[in-house]
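Residue numbers (the UniProt record's numbering): 1 to 103. Below is one structure, written out as structure tokens, with a few remarks after it.
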């Protein structure tokens with residue numbers, strides 16, 4: 001049986017295939033949405049169970065006025081357990097390929 005992780009660090013990036021994926025993307029807005037209580041609860045329920053570093057989750061967030069932004073969440077670290085549960089803290093950060101996610 002998997003033990004519930006205390007903390008999972010996730011990074012996010014826009015899910016696009018054209019040009020610079022960060023062009024025109026409000027990363028602060030996306031981060032605020034992903035860090036909100038309702039979205040955090042959704043993520044814990046949608047991805048409950050065993051989790052591993054490197055997993056990627058395709059999601060979307062509302063950017064207002066019925067405009068969704070597709071994002072890819074990647075599991076960067078899993079601390080003190082091996083599964084997502086109701087008590088797991090999800091620590092979400094913007095990602096780009098040249099910077100490491102903060103410790």
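For every residue, glycine included, the Cβ atom is placed at its ideal position computed from N, Cα and C.
Does DSSP classify residue i as helix, strand or coil?
i	result
residue 27	helix
residue 79	strand
residue 32	helix
Counting only the same chain and skipping the five closest in sequence on each side, list residues whose C-beta sits under 8 Å from that of residue i.
i	result
residue 2	49, 50, 81, 82, 83
residue 6	79, 80, 81, 87, 88, 89
residue 39	33, 61
residue 55	74, 75
residue 68	60, 61, 62
What residue range is occupied by the uninterrupted beta strand (DSSP E) comprising residue i?
i	result
residue 38	Where residue 38 is concerned, there is no enclosing beta strand (DSSP E), although the alpha helix (DSSP H) it sits in stretches over 37-46.
residue 7	7-14
residue 59	56-62
residue 92	89-94
Less than 6 Å between C-beta atoms, sequence neighbours within five positions excluded: which residues of the same chain meet that for residue i?
i	result
residue 11	74, 76, 93, 95, 101
residue 22	Residue confidence is low: residue 22 scores 49 on pLDDT, short of 50, so the model does not pin down where it sits. No coordinate-derived value is stated.
residue 85	4
Hey, residue i and residue j are a contact pair by Cβ (cut 8 Å); roughly how many whole angstroms apart?
i	j	result
residue 165	residue 30	In the structure as shown, the chain starts at 1 and stops at 103, and residue 165 therefore has no counterpart that could be examined.
Here's a check: name, in chain order, each residue in its chain whose Cβ is nearer than 7 Å to the Cβ of residue i, leaving out the five neighbours to either side.
i	result
residue 47	57, 84
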